[in-house]
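So the structure is just underneath, and the comments pick up after that.
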Amino acid sequence: TSDVAIASDFFNGDPESMGNRPNGGFLYVRSANRTVEFYRRWRRARRRFPAGTNEQEILGRAQGELSRRSGVRMQFLDTAHCGGFCQLSGDMGRVCTLHANCCTGLANKVHDLRNVLRDWRNYTAAPPEDRRVGGFQWTRPGRCIR
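The sequence shown: position 17 = 17 (full-length UniProt numbering), numbered continuously.
Structure, rendered in structure tokens:
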């Protein structure tokens, strides 16, 4: 089992691959000495990056080293279930949560999330047989960075 289960901006199909791009906005962390050490190392890693580099970017660049040195096993969540604007799931029936990643600015996030809500309401209002057949898609983000 994993010590850290974390959402992905981009998921490559392998939940254990350090080639996935993490998104720290949705995660589960097992309470253990090694996960505390993981967070300590993550914090210290800031010194190696230019001022203003956000924590998620630091994690993305250092995740392999951090997990190896602290003994933490990371699991990246499939964007088919925990999706976002970076890599929209093609199957609305599999999505459990969707967040406004790859997006700058609150107004842009709200705008595109309203489209998501409209799409979700249309999908859930459809008869079950129509949902099974498919044809439902998310509206592509209009203001968010892709």
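Glycine is no exception: its CB is placed at the ideal position from the N, C-alpha and C atoms.
Item to check | Start and end residues, alpha helix (DSSP H) containing Val110 | outcome: Leu106 to Ala125
Checklist entry - Terminal residues of the continuous alpha helix (DSSP H) containing Asn33? => result Asn33 to Ala45
Checklist entry - Asn20: buried (16+ other C-beta within 10 angstroms of its C-beta) or exposed? => result buried
Checklist entry - Would DSSP call Gln56 helix, strand or coil? => result helix
Checklist entry - Of the residues Val72, Gln137, Asn23 and Ser17, which one's Cα is nearest the Cα of Ala32? => result Closest option to Ala32, Cα to Cα, is Val72.
Next on the checklist: Once the 5 residues before and after Asp9 are set aside, which same chain residues still bring their CB inside 6 Å of it?
Outcome noted: Non-local C-beta neighbours of Asp9 in its own chain, meaning closer than 6 Å and more than five positions away in sequence, comprise Arg21, Asn23, Cys86 and Asn101, ordered along the chain.
Next on the checklist: Buried or exposed, going by whether 16 or more other CB atoms sit within 10 Å of the CB of Pro141?
Outcome noted: It counts as buried.
Checklist entry - Arg21 lies in the beta strand (DSSP E); which residues open and close that run? => result Arg21 to Val29
Next on the checklist: Can you list, in chain order, the residues of its chain with a C-beta nearer than 6 Å to that of Met92? Leave out the 5 residues immediately preceding and following it.
Outcome noted: Tyr123 and Phe136
Item to check | Through-space distance from His81 to Trp120, alpha-carbon basis | outcome: If you take the alpha carbons of Trp120 and His81, they lie about 14 Å apart.
Next on the checklist: I believe Gln56 touches Val4 by the beta-carbon criterion, under 8 Å. Please report the beta-carbon distance rounded to the nearest angstrom.
Outcome noted: The Cβ separation is near 14 Å, so there is no contact.
Checklist entry - Looking at Arg143 and residue 156, is the spacing between their C-beta atoms short of 9 Å? => result There is no way to answer for residue 156, as the model of the chain reaches only from 1 to 146.
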